[in-house]
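Working notes, structure below.
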Amino acid sequence: GIGPAALSALLSFSKEEVLVKAAKDLAKALKVHKENQAADESIDGRNDTDSSPFEGLTVVFTGAVPGMSRTAAQAVVKQLGAKATPNTVSKSTGLVVEGEKGGKKANQARDLGIRVITADDF
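Numbers 90 to 211, taken from this note's numbering, label the letters of the sequence shown in order.
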């Protein structure tokens, strides 16, 4: 379930048009390819099971995300179908969002070949 702090963060986030637009733009920009995507594709070539580019993705935030708390940022990606892990980068991480002073985890991700985007791009 969602606790009071997460619910408050989501409600605050949803009232900020610029943040909602940024989340929508990010969702449009990212495309997650599942290993079994070819088997899941429908006849017209679209995957009807993909509702969000974050679906099934493990996202790690490192450093400060401008304009929102880390909890709010994690709530956004969770709402879009991702799993947000606050502590570690591993081979199962799909995306790292690098904010201000977020070097160590971002560097680990790059070493593992994991996509890293800036907090501003997020």
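Ideal Cβ positions, reconstructed from N, Cα and C, are used throughout, including at glycine.
Remember, predicted model here, so these are calculated numbers, not experimental data.
What is the residue span of the alpha helix (DSSP H) that T160 lies within? 159-168
Does chain D have any CB closer than 8 Å to the CB of K193? No chain D appears in the structure shown, which is made up of a single protein chain.
Mind checking whether G202 and T151 have CB atoms under 8 Å apart? no
Near A116, which residues of its chain fall below 8 Å by C-beta distance, leaving aside the five closest residues on each side in sequence? S141, P142, F143, L169
Using CA coordinates, which residue listed in E106, G145, S101, V107 is at the minimum distance from L184? G145
Between A198 and T182, is the Cβ-Cβ spacing less than 8 Å? yes
Euclidean distance between Cα positions of V165 and V205: 17 Å
K113 - DSSP class collapsed to helix/strand/coil: helix
Need the endpoints of the beta strand (DSSP E) that F150 sits in, please. 147-151
Please list the segments of the beta strand (DSSP E) lying wholly inside the stretch 179-208, counting only runs of 3 or more residues, in order along the chain. 184-187, 204-207
Identify which residue in L96, V178, P155, A171 has its Cα closest to the Cα of T207. P155
In this structure, how does DSSP classify A173 when only helix, strand and coil are distinguished? strand
Check the C-beta distance from A161 over to S101 and give it rounded, since I have them as a contact under 8 Å. 7 Å
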